[in-house]
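So in the numbering used here, spot 62 of the sequence shown is number 99, and the numbers just go up one at a time. For glycine and all other residues, C-beta sits at the position ideal for the given N, C-alpha and C. Computed from a prediction, not measured in an experiment: that's the story for all the values here. Working notes, structure below.
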Amino acid sequence: RAKTRLAATLGDRVAAEIAAAALLDTLDAVAAVPVAARVVALTGTLDNAAGFAEIRERLAAFTVVEQRGDDFADRLANAHADAARAGYPVLQIGMDTPQVSAELLAECARRLLETTAVLGMALDGGWWLLGVHDPETAQCLRGVPMSQSDTGDLTRKALHDNGIDVTLVQPLADIDVIEDVAGVLEACDPASRFARLTRMLG
Numbered sequence: 038r039a040k041t042r043l044a045a046t047l048g049d050r051v052a053a054e055i056a057a058a059a060l061l062d063t064l065d066a067v068a069a070v071p072v073a074a075r076v077v078a079l080t081g082t083l084d085n086a087a088g089f090a091e092i093r094e095r096l097a098a099f100t101v102v103e104q105r106g107d108d109f110a111d112r113l114a115n116a117h118a119d120a121a122r123a124g125y126p127v128l129q130i131g132m133d134t135p136q137v138s139a140e141l142l143a144e145c146a147r148r149l150l151e152t153t154a155v156l157g158m159a160l161d162g163g164w165w166l167l168g169v170h171d172p173e174t175a176q177c178l179r180g181v182p183m184s185q186s187d188t189g190d191l192t193r194k195a196l197h198d199n200g201i202d203v204t205l206v207q208p209l210a211d212i213d214v215i216e217d218v219a220g221v222l223e224a225c226d227p228a229s230r231f232a233r234l235t236r237m238l239g
């Protein structure tokens, strides 16, 4: 689904193409990490999505579950529970950081094995990654306001208030609005879908 704040500036079609490129680059990075299981929580249908054929083909290497919940915080917490059914710690990321590499994700996974939780702050004040051992830990997300400039700090506080020690990992820029594109592009592999598309769009 196209990001609404990008769509307001670029239009629905271009925003959907950027979202598809970001998702596919993220899936590629996750697929290259040597982990026990890979789960994608999706909302809506892919049938009308930009790049749906390539996305559907890429998702064949993942377990796909439907997102559950009334709001974003609920969906995040429920995704942790669904992914944890395999019995492993869960490292959760979104699709807003297409510059993420398999090496960085592997390092975050290693850090999670050494601590109770890891949190990757986004430069806009949110977060791009959360890793926990027990899905119950992620239930505290339900009380955290999302998509705010202090969401990252509030998430860290919610974890601490529930007795969870949090290890911070590398912060990243994420893409929500048109002004974010240049910073994310600079950090991307030049051959990535996101980089190729956004350079073409100018």
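Coarse secondary structure for E103, derived from DSSP in three states: Strand, per DSSP.
Rounded Cβ spacing between G162 and G189 (contact assumed at less than 8 Å): The beta-carbon separation of G162 and G189, rounded to 6 Å, stays under the 8 Å limit for a contact.
Top-ranked residue by Cα proximity to S138, from L209, K40, E54: Taking only the C-alpha atoms, the option nearest S138 is L209.
Beta-bridge partners of A79, as assigned by DSSP: Sequence check: residue 79 is Leu here, not Ala. Bridge partners of L79: E103.
Among T82, L64, L83, D49, nearest to A74 - alpha-carbon criterion: Closest by alpha carbon: L64.
Under 8 Å between C-beta atoms of A52 and A44: Yes, they are a contact pair.
Alpha-carbon to alpha-carbon, A224 and D211: Between the alpha carbons of D211 and A224 lies a distance of about 10 Å.
Sub-8 Å separation of T204 and V155 beta-carbons: Their beta carbons are under 8 Å apart, which means T204 touches V155 by this criterion.
Close beta carbons around D111, own chain, < 7 Å, minus the five adjacent residues each side: Cβ neighbours of D111 beyond the five flanking positions: R179.
Straight-line gap, I92 to L61 (C-alpha atoms, nearest Å): When rounded, the distance between both Cα atoms is 7 Å.
Nearest to E151 (by Cα), restricted to the options L160, M158, P126: Closest by alpha carbon: P126.
Assumed close pair L142, V70 - CB separation to whole angstroms, cut-off 8 Å: The beta carbons of L142 and V70 sit about 5 Å from each other, so the pair counts as a contact at 8 Å.
Where L222 falls: helix, strand or coil (DSSP): Helix, per DSSP.
Enclosing beta strand (DSSP E) for G157 [first to last residue]: Per DSSP, the continuous beta strand (DSSP E) segment holding G157 begins and ends at 154-159.
For D226 and L238, the rounded distance between their alpha carbons: Each residue's Cα considered, the two are about 17 Å apart.
Per DSSP, cross-strand counterpart(s) of Q129: Answer is L167.
Beta-ladder partner(s) of L209, from DSSP: Bridge pairing for L209: A159 [DSSP].
Status (buried if at least 16 other CB within 10 Å, exposed otherwise) for P182: By the 10 Å Cβ count, P182 comes out exposed.
F99 versus D108, A86, G106, L79, residue with shortest Cα-Cα distance: Of D108, A86, G106, L79, the residue nearest in Cα terms is L79.
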